[in-house]
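With our numbering as the guide, the letters of the sequence shown map in order to residues -2 to 292.
Backbone N, C-alpha and C define an ideal beta-carbon position, used for all residues, glycine too.
Just so we're clear, the structure is a prediction, and the values are computed from it rather than from any experiment.
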Amino acid sequence: MEYPRCLLALSGLACWTLVQGTALAAQPVSHSLNDVIQAKAALLVDAQSGQILYQRNINAPYPPASTVKLMTALLVWERTGLNGAVHVQVEDTLVEPSHIPLRPGEVVAVKDLTYALLIGSDNDSAMALSRHVGGSPEKFAALMNARARSLGCTHTLFKNPHGLPIAGQYTSASDLLKIFEAVLAVPQLRQICTLRQLVLTTQVGTQRIRNHNRLLGAYAGMGPAKTGWTVASRHTYAASATRNGRELHLVILNSVDKWTDARALFDYGFSTPSPHPAEPKTRTILANADSHAGP
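Now the structure itself:
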């Protein structure tokens, strides 16, 4: 299936190249940083050059929790341009715990549901959007997996549009970064992910939906991000931060505390020398780089 709108948006993205036995030189990582990071998997890259600044278990599969919604939002944007409206059905509302909540029979704009999806991480928005775009959550999951493969994801399997626990759903840090960067390449989605709150009016009334990203407004340079958490997945996170014109992209999976991990990794990344601007945006990663942090 072709994605002409997305191909235009992704034209500026870094390429990923898997090469057995070679790796792009990364900055030396101190043992103290490795001791601080609690995530089972993490990947930090310089957005302009694609240089890997930190990596740990980047191909290992872990439950993604609500970072799944990045793929949901990307597909919704590609298929609708965030135009149109959704007629909410009963099955859209039968999810917990994060929800607007929607009411069966009401009509809500696709754009509003997408804002609620990315800012409030609302699961009923994910269900309504997946049915609207794919015909059913199951058919939408098939679209998600096809889109993931088209982005080069090889350690990802989606089974629902919201990230609530389900057996066999997983992603890796390397794959989630590809999905996150595809979202960042869409200005409208990128901007939504930076908003601290949303004022939304539905049948339940007018409410303020707050962004779950605690570092937004609290960490210097924090930009678009998507959070996730379940008991099974623990903390998950995809985030971008920019300082002095330098943008870093970070993915964290299976962390006890993503906020501490993210601060430590971003602080480390911004302390490293910026790669030469002429370096190509190509990441060469060990095909089996699943056990070591740093180079």
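At what residues does the beta strand (DSSP E) containing G225 begin and finish?
-> Locating residue 225 in the sequence shown gives position 228, counting from the first residue. Start and end: 219 to 227.
In or out: P158 buried (at least 16 other Cβ within 10 Å) or exposed?
-> Translated into the one-based positions of the sequence shown, residue 158 becomes position 161. It is buried - the Cβ of P158 has at least 16 other Cβ atoms within 10 Å.
Compare the beta carbon distance of M141 and M68 with 8 Å and say whether it is the shorter of the two.
-> Along the sequence shown, one-based indexing puts residue 141 at 144. Along the sequence shown, one-based indexing puts residue 68 at 71. Contact: yes.
Between the segment 204 to 224 and the segment 100 to 118, do at least 3 Cβ pairs fall closer than 8 Å?
-> yes
Length of the line joining the Cα atoms of S252 and L173 = As a first step, residue 252 must be located in the sequence shown, where it is residue number 255. As a first step, residue 173 must be located in the sequence shown, where it is residue number 176. So the two alpha carbons sit approximately 15 Å from each other.
Cut-off 6 Å between Cβ atoms - residues of its own chain near A22, not counting five sequence neighbours on either side = Mapped onto the sequence shown, residue 22 falls at position 25. Note that A22 scores 45 on pLDDT, short of 50, meaning its location in the model is unreliable; the coordinates nonetheless yield the value given after this. So no residue of the chain qualifies.
Enclosing alpha helix (DSSP H) for G202 [first to last residue] | In the sequence shown, residue 202 corresponds to position 205, counting from 1. Premise fails: G202 lies in the beta strand (DSSP E), 202 to 207, not in any alpha helix (DSSP H).
Considering only C-alpha positions, which residue in the set A235, T199, R231 is nearest to L213?
-> Counted from its first residue, the sequence shown places residue 213 at position 216. Among A235, T199, R231, the Cα nearest to that of L213 is on A235.
Taking Cβ to Cβ, would you say D109 is nearer than 8 Å to L197?
-> Here residue 109 refers to the residue found at position 112 of the sequence shown. Here residue 197 refers to the residue found at position 200 of the sequence shown. Yes, the Cβ-Cβ distance between D109 and L197 is below 8 Å.
Can you give me the start and stop residues for the beta strand (DSSP E) that T111 sits inside?
-> Taking the sequence shown and counting its residues from 1, one reaches residue 111 at position 114. Segment 107 to 116 is the alpha helix (DSSP H) holding T111; no beta strand (DSSP E) there.
If you draw a straight line from the C-alpha of V228 to the C-alpha of A62, how long is it?
-> Taking the first residue of the sequence shown as position 1, residue 228 is located at position 231. Taking the first residue of the sequence shown as position 1, residue 62 is located at position 65. Taking the straight line from one Cα to the other gives about 9 Å.
Just how far apart, CA to CA, sit N56 and I163?
-> As a first step, residue 56 is located in the sequence shown; it is residue number 59 there, counting from the start. As a first step, residue 163 is located in the sequence shown; it is residue number 166 there, counting from the start. One C-alpha to the other measures close to 20 Å.
Starting from T257, trace the alpha helix (DSSP H) both ways and give me its first and last residue.
-> Here residue 257 refers to the residue found at position 260 of the sequence shown. T257 -> alpha helix (DSSP H) spans 255 to 268.
Note the first and the last residue of the continuous beta strand (DSSP E) segment covering D43.
-> Against the sequence shown, residue 43 aligns to sequence position 46. Where D43 is concerned, the enclosing beta strand (DSSP E) stretches over 38 to 43.
7 Å CB neighbourhood of K156 in its chain, flanking five on each side removed = Within the sequence shown, residue 156 is the residue found at index 159, counting from 1. A138, I163, G165, Q166.
At what residues does the alpha helix (DSSP H) containing T233 begin and finish?
-> Here residue 233 refers to the residue found at position 236 when the sequence shown is read from its first residue. Not the alpha helix (DSSP H): T233 falls in the beta strand (DSSP E), residues 231 to 240.
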